[in-house]
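Quick note on numbering: the working numbering labels position 173 of the sequence shown as 196, and the sequence is numbered without any gaps.
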Amino acid sequence: MPRPRSPDTSRAALAPVLRDVRAVVFDTDGVITDSARVHAAAWKEAFDAFLQAHPPEDPDLRRPFDERDDYLRHVDGKSRLDGAEAFLAARGIETSAETVRAVAADKERLFTRRLHEHGVDAYPGTVRLVKALRAAGVPRAAASASRHAGELLDRAGVLDLFDALVDGGEAARLDLPGKPEPDLFLEAVRRLGVPADRAAVVEDALAGVEAGRRGGFALVVGVDRAAGADTGARLLRHGADIVVHDLGELCAGGAPK
Ligand SMILES: O=P(O)(O)OC[C@H]1O[C@@H](O)[C@H](O)[C@@H](O)[C@@H]1O
């Protein structure tokens with residue numbers, strides 16, 4: 024029977040920057056699963072239909088939703104209602120609760136349809152890192168503003184790699200403020216029994232890395248999925264300590280070529 028590896032040996036499978044970390048919290052959309060693009064496409068369809076039906080007075084504000092820049096700036100990492108409100112406000116639209124709810128409901132319908140049609144996958148580099156952490160005995164949580172997070176992880180076949188999940192439904196039940204406030208991540212590490220200053224957060228959203236910084240996490244990893252030429256620099260400005268393109272880079276030896 025093979026002898027269990029000592030913690031030190033198994034930590035050797037992790038990049039040096041992770042070797043002192045006692046727990047890791049992963050955002051879900053765009054970090055674990057490739058679902059950020061599904062959210063972005065559904066938001067585009069919902070917002071563009073709204074802008075066409077209710078064009079802002081200022082012609083500059085009528086341009087269609089940009090799936091890269093508008094998504095990253097206003098919507099990424101936020102709850103459905105917070106994201107809808109932030110983008111509509113940025114286009115000078117009066118954001119009554121009714122308007123925000125209607126656009127959010129439209130996006131939800133479009134998102135669900137796309138998800139059922141196309142499915143979702145986990146990023147192989149993320150799975151490699153999560154398995155390396157598991158082998159090293161480092162507890163892992165998934166956290167997300169999305170009420171669909173559990174379903175997404177399950178569909179991608181990775182739900183059982185995590186010891187805890189705090190999703191949008193939990194956040195609403197516990198009345199946790201959304202990112203950039205750190206409460207979602209703090210709840211996740213609380214469930215893992217590790218203080219934030221011994222844990223890492225992994226995030227692709229600007230609001231998310233900012234939440235990691237505000238929460239006093241030992242390490243904030245930004246994941247640049249190449250939304251734009253300057254995404255990495257923006258993640259660093261908002262609070263990331265380091266930026267990677269693929270989480271396999273945080274396994275010893277880096278991402279496979
Ligand atoms: O899936 P839900 O509950 O509508 O949550 C939506 C939000 O979930 C976040 O995780 C995504 O980053 C946002 O892009 C998305 O809008």
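Yeah, the Cβ is synthetic: ideal placement off N, Cα and C, and Gly gets one too. Just so you know, these numbers come straight off a predicted model, no measurement behind them.
For ligand 1, is there a heavy atom less than 7 Å away from the beta-carbon of residue i?
i, result
"VAL98", "yes"
"ARG170", "yes"
"ARG103", "yes"
"ALA59", "yes"
"ASP206", "no"
"GLY180", "no"
"GLU131", "yes"
"THR254", "no"
"THR118", "no"
"PHE134", "yes"
"GLY173", "no"
Of the residues the options, which one's Cα is nearest the Cα of residue i?
i, options, result
"ARG170", "LEU207, LYS67, GLY160, GLU140", "LEU207"
"ALA234", "ALA219, THR56, ASP247", "ALA219"
"LEU188", "ASP264, GLU210, ARG196, GLY201", "GLU210"
"THR135", "ALA249, ARG213, ALA69", "ALA69"
"VAL181", "ARG86, LYS154, ARG34, GLY115", "LYS154"
DSSP beta-bridge partners for residue i?
i, result
"ASP52", "THR56"
"GLY173", "Looking at the DSSP assignment, GLY173 forms no beta bridge with any residue, so it has no partner."
Quick check on residue i: buried or exposed, where buried means 16 or more other Cβ atoms within 10 Å of its Cβ?
i, result
"ASP81", "exposed"
"GLY262", "buried"
"GLY142", "exposed"
"PRO25", "No answer about PRO25 holds up, because its pLDDT of 48 lies below 50 and its placement is not dependable."
"GLY271", "buried"
"ASP227", "buried"
I believe residue i touches residue j by the beta-carbon criterion, under 8 Å. Please report the beta-carbon distance rounded to the nearest angstrom.
i, j, result
"VAL48", "ALA222", "6 Å"
For chain B, find out if any of its Cβ atoms is closer than 8 Å to the Cβ of residue i; answer yes or no.
i, result
"ALA64", "Absent from the structure is chain B; it holds one protein chain and no more."
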